[in-house]
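>
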Amino acid sequence: MMRSSISKVKPLYSQAYILLKNSITNGEFQPGERITELRLAEMFGISRGPVREVIRMLIQDGLLTQNEGPIQVYNPTKEDIIEVFLCRECLEALATRQAAHRMTPDMRDQLLLNVDNTRKAIDEQNASELCRLDQQFHELVIEASGNRQLIELSSVIQAKVAYMRNQILSHFYQHFIDTVDEHLRIVQALTDGDAHKAEEEMRHHIEKAVDVYRHLAN
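In the numbering used here, the protein residues as written are 52 to 269.
(1) What residue from Ser196, Gln186 and Glu203 has the CA that sits closest to Thr76's CA?
(2) With three or more beta-carbon pairs closer than 8 Å as the criterion, would you say the region 207-217 touches the region 130-138?
(3) Closest to Ile110 by CA distance: which of Ile208, Lys61, Asp174 and Phe188 is it?
(4) Using only the alpha-carbon positions, how far apart do Ala195 and Asp232 sit?
(5) Let me check one thing: in DSSP terms, what residues is Arg85 bridge-paired to?
(6) Going by DSSP, which residues form a beta bridge with Leu115?
(7) Compare the C-alpha of Ser74 against each of Thr116, Ser179, Ile219 and Arg103 and name the closest.
(8) Assign Ile202 to one of three DSSP states: helix, strand, or coil.
(9) Assuming Ala249 contacts Thr147 (C-beta within less than 8 Å), just tell me the rounded distance between them.
(10) Quick one: Cα of Arg199 to Cα of Ala151, how far?
(11) Using 8 Å as the cut-off, can you tell me whether the region 148-168 makes contact with the region 237-247, which would need three or more C-beta pairs spanning the two stretches below that distance?
(12) Taking DSSP as the reference, what is the three-state secondary structure of Met53?
(13) Taking the alpha-carbon of Lys211 as reference, which of Thr128, Asp157 and Glu251 has the nearest alpha-carbon?
(14) Comparing C-alpha positions only, which one of Ile202, Leu204, Phe227 and Glu143 sits nearest to Leu184?
(15) Work out the CA separation of Asn165 and Met253 for me, nearest whole Å.
(16) In whole angstroms, give me the CA-to-CA distance for Arg107 and Phe188.
(17) Report yes if the C-beta distance between Leu115 and Val102 is below 8 Å; otherwise report no.
(18) What does the Cβ neighbour count give for Cys141, buried or exposed, with the cut at 16 atoms within 10 Å?
(19) Should Leu201 and Leu162 be called a contact, given that it needs their Cβ atoms to be closer than 8 Å?
(20) Do Glu143 and Ile69 count as a contact pair if the criterion is CB distance below 8 Å?
(21) Alpha carbon to alpha carbon, how far is Met53 from Glu93?
(22) Hey, Arg85 and Gln123: beta-carbon distance below 8 Å or not?
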């Protein structure tokens, strides 16, 4: 792994936190891989003080774990995955229902642009861009709900969802190919103002991801 470069303008721990968080969610570290303060200090070229703050923040995010032993990259169990995605399904289903009552032409256009870009990423087999766009689509729907409490709650599990999304991609690329049609159905229901249909399509979409994880765990 190449040594990451950070500037001296923003707080060191803040920059290192973003870089390491992205590295973990992008799959540059293996689940269960051991992480040490020295390793991170050398990687970012900073002292151990900021590194300790980075570790604390990532443990809080759930991407690192430390249970009276070494610090390790989060290695989710089958139960963890199902629980996270059940929470995600409930939150995003509600967000989609509420978004259907607030959809504007601008919101619709942003979602359709995302779908077009997702199709291009699939054609180009650009895995990292595909994951980014999938996350962006769901964030756009959540933001369209206009529910600040729901947006805040969704952000709590966002890092874990991104991490798990990358694990799906490495094993089941076909799942993401199907994503375009599923996202289009969600956008259509939102555009029609059909809250029930929009919620139903979002639930189906997320339940398919849960099925992929169940397959991986068996």
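Beta carbons: idealized from backbone N, C-alpha and C, even for Gly.
Let me lay it out:
(1) On the sequence shown, position 25 is the one that residue 76 refers to. The shortest C-alpha separation from Thr76 is found at Gln186.
(2) yes
(3) For the purposes of this step, residue 110 is identified with residue 59 of the sequence shown, where counting begins at 1. Restricting attention to Ile208, Lys61, Asp174 and Phe188, the CA atom closest to the CA of Ile110 is found in Ile208.
(4) Position 144 of the sequence shown, counted from the start, is the residue given in the question as residue 195. Position 181 of the sequence shown, counted from the start, is the residue given in the question as residue 232. Whole-angstrom Cα-Cα distance: 20 Å.
(5) Locating residue 85 in the sequence shown gives position 34, where the first residue counts as 1. According to DSSP, Arg85 bridges with Gln123.
(6) The residue you call residue 115 lines up with position 64 of the sequence shown. Paired residue(s): Val124.
(7) For the purposes of this step, residue 74 is taken as the residue at position 23 of the sequence shown. Ser179 is the residue among Thr116, Ser179, Ile219 and Arg103 whose C-alpha sits nearest the C-alpha of Ser74.
(8) Along the sequence shown, read from residue 1 onward, the residue named residue 202 stands at position 151. Correct three-state label for Ile202: helix.
(9) Translated into positions along the sequence shown, residue 249 becomes position 198. Translated into positions along the sequence shown, residue 147 becomes position 96. Yes, Ala249 and Thr147 are in contact; Cβ-Cβ is about 5 Å, under 8 Å.
(10) Residue 199 sits at position 148 when you count from the first residue of the sequence shown. Residue 151 sits at position 100 when you count from the first residue of the sequence shown. Whole-angstrom Cα-Cα distance: 16 Å.
(11) yes
(12) If you number the sequence shown from 1, residue 53 lands on position 2. At Met53 the pLDDT is 45, less than 50, meaning the model places this residue with poor confidence and gives no usable figure here.
(13) One-based indexing of the sequence shown puts residue 211 at position 160. If we check each option's Cα against that of Lys211, Thr128 comes out closest.
(14) Along the sequence shown, one-based indexing puts residue 184 at 133. Leu184 has its Cα closest to that of Phe227, out of Ile202, Leu204, Phe227 and Glu143.
(15) What you label residue 253 is simply residue 202 of the sequence shown in a count that begins at 1. What you label residue 165 is simply residue 114 of the sequence shown in a count that begins at 1. Approximately 16 Å between the Cα atoms of the pair.
(16) Here residue 107 refers to the residue found at position 56 of the sequence shown. Here residue 188 refers to the residue found at position 137 of the sequence shown. Approximately 29 Å, taken between the alpha carbons.
(17) As a working mapping, residue 115 is identified with position 64 in the sequence shown. As a working mapping, residue 102 is identified with position 51 in the sequence shown. For Leu115 and Val102, no; Cβs fall outside 8 Å.
(18) Within the sequence shown, numbered from 1, the residue matching residue 141 stands at position 90. Result: exposed.
(19) Here the question's residue 201 lines up with position 150 in the sequence shown. Here the question's residue 162 lines up with position 111 in the sequence shown. No, Cβ-Cβ distance for Leu201 and Leu162 is not below 8 Å.
(20) Numbered from its first residue, the sequence shown carries residue 69 at position 18. Numbered from its first residue, the sequence shown carries residue 143 at position 92. Cβ distance not < 8 Å, so Ile69 and Glu143 don't count as in contact.
(21) Along the sequence shown, read from residue 1 onward, the residue named residue 53 stands at position 2. Along the sequence shown, read from residue 1 onward, the residue named residue 93 stands at position 42. Here the model assigns Met53 a pLDDT of 45, short of 50, so the residue's position is not dependable, and the following value carries that caveat. Met53 and Glu93: Cα-Cα distance of roughly 11 Å.
(22) On the sequence shown, position 34 is the one that residue 85 refers to. On the sequence shown, position 72 is the one that residue 123 refers to. Yes, the Cβ-Cβ distance between Arg85 and Gln123 is below 8 Å.
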